[in-house]
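Residue numbers (the numbering used here): 402 to 553.
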């Protein structure tokens with residue numbers, strides 16, 4: 402998520418992390434300018450990057466994450482720099498009848514960073530628009546979780 406920003410800021414070596422990168426994730430890391438893709442995520446990735454496990458120790462760790470990533474960032478702060486201790490993000494989309502449903506769905510899906518989230522409410526949104534995305538390809542529709550989701 403922050404590789405492009407780091408590259409634009411002139412960071413000489415950019416490391417990205419993903420626990421189970423798909424081909425799309427690998428391609429995105431390449432296009433964004435990552436020098437290395439660490440195949441671990443969450444608090445484990447924060448610890449690995451701070452202490453130099455699998456990569457050189459990082460000077461600063463930036464980017465979003467869940468409460469465990471935030472906790473890990475608070476622990477490694479001082480070993481390396483961090484951007485901030487962020488809380489959970491919440492999204493609210495206000496729209497009237499003139500709004501484009503695909504744009505609304507895209508705004509909401511931008512927050513579906515985890516497959517579980519996508520299956521929970523991403524599928525009904527995509528179903529409404531007749532679209533798919535890398536996190537919810539049509540072949541996964543409907544998963545058992547999606548069958549319980551209420552379509553449009």
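Every residue, glycine too, gets a C-beta built ideally from N, C-alpha and C.
- Contact check for residue 403 against residue 463 passes: the beta carbons are separated by less than 7 Å.
- In the DSSP assignment, residue 416 forms a beta bridge with 437.
- Taking C-beta separations shorter than 8 Å and ignoring five residues to either side along the sequence, the partners of residue 482 in its chain run 460, 461 and 462, following chain order.
- Beta-bridge annotation (DSSP): residue 482 is paired with 461.
- The beta carbon of residue 434 sits closer than 7 Å to the beta carbons of 404, 405, 408 and 415 from its chain, once the five residues preceding and following it are set aside; these are given in chain order.
- A Cβ-Cβ distance of about 15 Å is found for the pair residue 412 and residue 439, leaving them out of contact under the 8 Å criterion.
- Annotation for residue 443: the continuous alpha helix (DSSP H) segment containing it runs 443 to 452.
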